[in-house]
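Chemist: Below are the structure tokens for one structure; questions will follow.
Below, the structure written as structure tokens:
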């Protein structure tokens, strides 16, 4: 149902990153953000005894949903994939997804929604780790923003 | 790749709306938001002659991306589907998707990314129109918010 | 600290809505979104006994934060203030802010963060009610999106 | 009009970061996100001759708006300010604000909205640079997420 790959294939300028890998990352981020929003809400519907133990899980869900949403948007704009921003935002999403996978993973046996959410987070970690290897190190990034932007003809 | 349906199936409380229809709506909104973000960026990579004619298309893409994102989140929280908020937010998304489908549709023959984006918007219109029929009319909604919220046991 | 008014004053095209009223609405939405995000997190830091009673409040905070964020963005784009989208999104924000003001209001005496958040929501309701009176009724809106968009010279 | 400081003062658990500095950062991020959204829209209302030269500026505005929004939310949740996520997300926002300040700065003499937006970005850079000095280095962060979260009594 996602259009990420089709949108990459019809982009009217060059994209410096492998399109299959990029589409996989965008789709994983989008799916994870939705799963985290739903998992936080499911935690709030657990019993009054269980819920207080889920406070950290809910927080990590909310952080992860917001960070994944923004990272999917940054990756959907081809501002220049060697840019320091892309690397920094991908690294933030890696942290958010790892923390949330841990939090939800602790409850995976008791709550099915946490198990599924932890899986969605793990897929983000895998997709972003693969992508990060192919993003130009920030040390080698062009020093002025102008050089990283697509040129207007 | 989406987990919307699995998250609905593992929700620990009752959901008053058809789950298949709800998952379809959430997935359509999520896919459309990504397509709109990518389409706005693709429009900005078109030639200097074409771009000024795409200003309205870019704006409608940006509005539609934001409104679809928020609507997907509201629908991913099962705050009580008879609530006036759900209906109002779904109606806003319907307007955003219709406007964006029109704007992108005008450029569909010239720009493939606009054609795909218009299709993503049309799927949102279809999914939300189907969903709206099954959401309780706001006139019949419980008058106090407390009655629409899942109960904590 | 907000730049909403300055950005309106330097906008290079006509804006059909009173700028003071529009800036007040944008600022109220932005402040409310932040207060709701912080209130949801504060609720999650309350004692294990209090937290389960705050589940609806947390949900309404999260919905209201997302809806206010998106509404502030739609109002920050001057796509044509007679447009059906603007009215629909403003109406969704009115619903979200009313529900959240009610939920947080119920806990205002016990939790200071709920009292402040309810106040932020009430300011949104007031600002959007005032704004809505000056937005063209959707019945009179131009029928094609093209007519509502600023023209490119 | 912001409630960031009041929400910090009424938070029911300890916050490990200077509250004045944190409130300043949250307010700067919120104001910057709004200015960037408005600046992108203002660029799209410039003449057909000027607009193509503003493509990079619009992109940087859109990235900066999204990244600042999410960073304001992460900082509004007190998930544990020594956490690796907070540092990583703050660093991404620093990059986004620096790039956008550069892009808008190039057009500051021609477009007042770019001048104001560059100022909003510069305030984010200053506020986050000050905050980052007081966030625990990730190398010293507790190794398990559980230790960084507020305890439920």
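Residue numbers (the numbering used here), protein chains in the order written: chain A, 1 to 153; chain B, 154 to 306; chain C, 307 to 459; chain D, 460 to 612.
Where is the CB? At the ideal position from N, CA and C, for every residue including glycine.
1. Determine whether the Cβ of residue 585 of chain D lies closer than 8 Å to any Cβ atom of chain G.
2. Can a CB atom of chain C be found closer than 8 Å to the CB of residue 219 of chain B?
3. Suppose you measure from the CA of residue 478 of chain D to the CA of residue 348 of chain C; what does that come to, to the nearest Å?
4. Express the C-alpha separation of residue 2 of chain A and residue 317 of chain C in angstroms, rounding to a whole number.
5. With a threshold of 6 Å on Cβ separation, who are the neighbours of residue 220 of chain B within its own chain once the five nearest residues in sequence on each side are excluded?
6. Tell me the residue span of the alpha helix (DSSP H) that contains residue 411 of chain C.
7. Applying the criterion that 16 or more other CB atoms from any shown protein chain within 10 Å of the CB defines a buried residue, is residue 51 of chain A buried or exposed?
8. Report the residue from C:346, C:329 and C:331 whose alpha carbon sits nearest the alpha carbon of residue 417 of chain C.
9. For residue 365 of chain C and residue 38 of chain A, what's the separation of their Cα atoms in angstroms?
10. Measure the Cβ-Cβ separation of residue 216 of chain B and residue 186 of chain B and say whether it is below 8 Å.
11. Any C-beta of chain D sitting closer than 8 Å to the C-beta of residue 364 of chain C?
12. Considering only C-alpha positions, which residue in the set B:184, B:285, B:161 and B:158 is nearest to residue 239 of chain B?
13. Quick one, which of C:430, C:314, C:428 and C:409 has its alpha-carbon nearest residue 362 of chain C's?
14. Within the same chain, show all residues whose beta-carbon is closer than 7 Å to that of residue 463 of chain D, passing over the 5 residues directly before and after it, in chain order.
15. Counting along the chain, where does the alpha helix (DSSP H) carrying residue 466 of chain D start and finish?
16. Closer than 8 Å, Cβ to Cβ, to anything on chain C: give me those residues from the region 475-489 of chain D, in chain order.
17. Would you report the Cα separation of residue 115 of chain A and residue 236 of chain B, rounded to the nearest angstrom?
18. Is the beta carbon of residue 90 of chain A less than 8 Å from the beta carbon of residue 135 of chain A?
19. Between residue 341 of chain C and residue 351 of chain C, what straight-line distance do the alpha-carbon atoms span, to the nearest angstrom?
20. For chain B, check one thing: does any of its Cβ atoms lie closer than 8 Å to the Cβ of residue 154 of chain A?
21. Would you report the Cα separation of residue 474 of chain D and residue 488 of chain D, rounded to the nearest angstrom?
22. Output, in chain order, the set of chain D residues within a Cβ distance shorter than 8 Å of residue 345 of chain C.
23. Which one of C:430, C:383 and C:415 has the shortest CA to CA distance from residue 404 of chain C?
24. I think residue 101 of chain A touches residue 118 of chain A, with their Cβ atoms under 8 Å apart; what is that distance to the nearest whole Å?
25. Is residue 315 of chain C buried or exposed, if buried means 16 or more other CB atoms sit within 10 Å of its CB?
26. Could you check what DSSP says for residue 49 of chain A in three-state terms: helix, strand or coil?
27. Check the Cβ-Cβ distances between residue 340 of chain C and every residue of chain D, and say whether any is below 8 Å.
28. If I follow the unbroken alpha helix (DSSP H) through residue 15 of chain A, where does it start and stop?
29. Does any CB atom of chain A fall closer than 8 Å to the CB of residue 416 of chain C?
30. Check for me: the alpha helix (DSSP H) holding residue 481 of chain D runs from which residue to which?
31. Can you find a C-beta in chain C that's less than 8 Å from the C-beta of residue 166 of chain B?
32. Hey, quick one: how far does the alpha helix (DSSP H) through residue 59 of chain A stretch, first residue to last?
33. Output needed for residue 229 of chain B: all residues of its chain with C-beta closer than 7 Å, excluding positions within five of it in sequence on either side, in chain order.
34. Please determine, among D:476, D:490, D:586 and D:587, the residue with the shortest C-alpha to C-alpha distance to residue 524 of chain D.
Modeler: Straight from the coordinates:
1. The chain inventory of the structure shown lacks chain G, comprising the protein chains A, B, C and D.
2. Chain C contact via Cβ: present.
3. Put simply, the backbone Cα of residue 478 of chain D is about 15 Å away from that of residue 348 of chain C.
4. C-alpha of residue 317 of chain C to C-alpha of residue 2 of chain A: approximately 36 Å in a straight line.
5. Sequence-distant Cβ neighbours of residue 220 of chain B in its own chain, meaning closer than 6 Å and more than five residues away, are 245, 246 and 249.
6. For residue 411 of chain C, the enclosing alpha helix (DSSP H) covers residues 390-412.
7. The residue in question, residue 51 of chain A, is buried, as its Cβ has 16 or more Cβ neighbours within 10 Å.
8. Closest by alpha carbon: C:346.
9. Those two C-alpha atoms are separated by around 11 Å.
10. No Cβ-Cβ contact shorter than 8 Å links residue 216 of chain B with residue 186 of chain B.
11. Under the 8 Å criterion on CB atoms, residue 364 of chain C is classed as non-interfacial with respect to chain D.
12. Ranking B:184, B:285, B:161 and B:158 by Cα distance to residue 239 of chain B puts B:285 first.
13. Measuring from the Cα of residue 362 of chain C, the nearest candidate turns out to be C:409.
14. Excluding five sequence positions before and after residue 463 of chain D, the CB atoms of its chain that fall closer than 7 Å to its own CB belong to 482, 485 and 486, given in chain order.
15. Counting along the chain, the unbroken alpha helix (DSSP H) around residue 466 of chain D starts and ends at 463-468.
16. Contact annotation: in the region 475-489 of chain D, residues whose CB is within less than 8 Å of a CB in chain C are 485, 486, 487 and 489.
17. The C-alpha of residue 236 of chain B is placed about 29 Å away from the C-alpha of residue 115 of chain A.
18. The Cβ atoms of residue 90 of chain A and residue 135 of chain A lie closer than 8 Å to each other.
19. Rounded to whole angstroms, residue 341 of chain C and residue 351 of chain C show a C-alpha spacing of 15 Å.
20. Outside the shown range of chain A (1 to 153) lies residue 154 of chain A, about which nothing can therefore be said.
21. For residue 474 of chain D and residue 488 of chain D, the distance between alpha carbons rounds to 19 Å.
22. Contact of residue 345 of chain C with chain D by beta-carbon distance below 8 Å involves 466.
23. Residue 404 of chain C has its Cα closest to that of C:430, out of C:430, C:383 and C:415.
24. Contact between residue 101 of chain A and residue 118 of chain A holds: their C-beta atoms lie close to 5 Å from each other, under 8 Å.
25. With fewer than 16 other Cβ atoms within 10 Å, it is exposed.
26. Correct three-state label for residue 49 of chain A: coil.
27. Any Cβ of chain D closer than 8 Å to the Cβ of residue 340 of chain C would place that residue at the interface, and such an atom is present.
28. Note, residue 15 of chain A: premise wrong, no alpha helix (DSSP H); not H, not E.
29. Using beta-carbon distances, residue 416 of chain C does not count as an interface residue toward chain A, since no partner is under 8 Å.
30. For residue 481 of chain D, the enclosing alpha helix (DSSP H) starts and ends at 478-503.
31. It does not; no Cβ of chain C falls within 8 Å.
32. Per DSSP, residue 59 of chain A is one residue of the alpha helix (DSSP H) stretching across 55-76.
33. If you ignore the 5 residues before and after residue 229 of chain B, its C-beta comes within less than 7 Å of the C-beta of 179, all in its own chain and listed in chain order.
34. The option with the nearest alpha carbon to residue 524 of chain D is D:490.
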